[in-house]
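As structure tokens, the structure follows; a few thoughts come after it.
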Amino acid sequence: MLETSFLVFMDIFMHAGGGDLYTWGSNENGCLGIGCTEVIRKPERVEGPFLKFPVCKISCGWKHTAAISGGTVFTWGWGGSHGTFSVDGHSSGGQLGHKNDIDYYEPMPVKFGKNVKALDVSCGFNHTGAILEYT
1 MLETSFLVFM
11 DIFMHAGGGD
21 LYTWGSNENG
31 CLGIGCTEVI
41 RKPERVEGPF
51 LKFPVCKISC
61 GWKHTAAISG
71 GTVFTWGWGG
81 SHGTFSVDGH
91 SSGGQLGHKN
101 DIDYYEPMPV
111 KFGKNVKALD
121 VSCGFNHTGA
131 ILEYT
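Mapping to the UniProt record's numbering: the sequence shown position 98 is 98, numbers consecutive.
This is the structure we're talking about:
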């Protein structure tokens, strides 16, 4: 039984009751998080770090995605395509939080330091915000 579903532009994200994350759609810049950039026409489970802890929050930006699992924020998708747009003044702005402009095709943890638990996450056009708890 599905409890929540998410729709962003041409990409669709579905969060099943058990914390499994399924994605399908255009997959531009790897925003579906399944390790490739191919169009996915049927739901496919996003695995990687989400096999250990369930996904409890997800948010989608223009070409990037963020999720919380096990108190950690994970991001993937468009990181700026290695600066390909910076010449035109359209750099990514660092929305993935990995201190670079690389596209990631699979979920990668965002490092905030020690004793930090992510409570919420939200993606905008090319930015991401998170509510954190420091213990």
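We treat Cβ as the ideally placed atom computed from N, Cα and C, and that holds for glycine. Only a predicted model underlies this, so the values are computations on that prediction, with no experimental measurement involved.
| query | result |
| --- | --- |
| Collapsed DSSP secondary structure at residue 54 in the structure displayed | coil |
| Cut-off 6 Å between Cβ atoms - residues of its own chain near residue 128, not counting five sequence neighbours on either side | 66 and 95 |
| Closest residue to residue 78 among 131, 26 and 19 (Cα-Cα distance) | 26 |
| Whole-angstrom C-beta distance between residue 130 and residue 71, which should lie under 8 Å | Their Cβ separation, rounded to whole angstroms, is 11 Å, which puts residue 71 and residue 130 out of contact at 8 Å. |
| Endpoints, the beta strand (DSSP E) within which residue 77 is located | 72 to 77 |
| Residue burial classification, residue 21 (beta-carbon count within 10 angstroms, cutoff 16) | buried |
| Three-state class that DSSP yields for residue 124 in the structure shown | coil |
| Three-way DSSP call (helix, strand, coil) for residue 38 in this model | coil |
| Minimum C-alpha distance to residue 57 - residue among 113, 75 and 43 | 75 |
| Residues bridged to residue 110 (per DSSP) | Partner(s): none; residue 110 has no beta bridge. |
| Residue 68 - containing beta strand (DSSP E), residue span | 64 to 69 |
| Residue 96 - partner residues in DSSP beta bridges | DSSP lists no partner for residue 96. |
| For residue 30, the three-state DSSP class (helix, strand or coil) | helix |
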